[in-house]
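Numbering (the working numbering), first residue to last: 120 to 392.
Next up, the structure:
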């Protein structure tokens, strides 16, 4: 048993000590076996669970999920400290210095009139800080680990700041139609590599249209996926009410059930159609 005092309330220092004990001699075998790569996906999953708590507007759940995210930060920092790298204190020091540097209108003598100017200054300071001396380097700096739609929209937005942007939404829609035609041509040729590439171009173009519509492509796709799940569930309920198994239906029968579920949903709320 490790030497640790049980309390009614804990703080950040306690969390750091708990992680030290878990990773130390006599601690947890599993925690000691982990490295940055083995718990990489845990970090991603915990972050998404925190985002879901935000979407659900559930503060109790959000408190819990933020704790799980903080655990991941402490876990990675502890592994680095053990290896002679940085510590959690260094992480805090770095983000504090970054916030001070990127808020000269608060911690310096720069004047701003609105939040738009704040973001503009932030981007300029970030470019200098990251030594992004070319427009291409700002695109390359967008993390490849981001969800593909998020990354696409971010890259497109940064490219647009150089003037490389469709002058009108109709032009972006025209590009999307063009990419769909190229996909159809690739399908007719039957080359798997070409089909794969053209499919990516279609999705990229669709993300651009969504961005120009001020509809975040990641959120738009999430909403459509939720809608699909909801309607599929209703379709299954309709089938069950008639003693029908979906797996026994023809595609035409399934489409009829789908249209019925869709019509029912529209008549009830007329939203998310």
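Glycine residues also receive a C-beta, built at the ideal position from the N, C-alpha and C atoms.
C-alpha distance - residue 337 paired with residue 267, whole-angstrom precision: If you take the alpha carbons of residue 337 and residue 267, they lie about 9 Å apart.
Exposure of residue 195, with buried meaning 16 or more beta-carbon neighbours within 10 Å: buried
Residue 405 versus residue 222: straight-line alpha-carbon distance, rounded: A question about residue 405 goes unanswered here, because the residues of the chain that appear run from 120 up to 392.
Every unbroken alpha helix (DSSP H) within the stretch 218 to 268, with a cutoff of 4 residues, ordered by chain: 223 to 226, 234 to 248, 254 to 259
Where the alpha helix (DSSP H) through residue 306 begins and ends: First-last of the alpha helix (DSSP H) with residue 306: 288 to 308.
Helix, strand or coil at residue 158 [DSSP, three-state]: Residue 158: coil per DSSP, three-state reduction.
DSSP state of residue 127 mapped onto helix, strand, coil: coil
C-alpha gap between residue 351 and residue 214, whole angstroms: Between the C-alpha atoms of residue 351 and residue 214 there is a straight-line separation of about 45 Å.
C-beta contact flag for residue 188 and residue 164 at 8 Å: no
With 16 other Cβ atoms within 10 Å as the buried cut-off, status of residue 274: buried
Neighbourhood of residue 244 by C-beta distance below 7 Å, restricted to the same chain and skipping five residues each side: 220, 221
Beta-carbon proximity list for residue 154, same chain, < 8 Å, skipping 5 on both sides: If we look at residue 154 and ignore the five residues flanking it on each side, its Cβ neighbours are 198.
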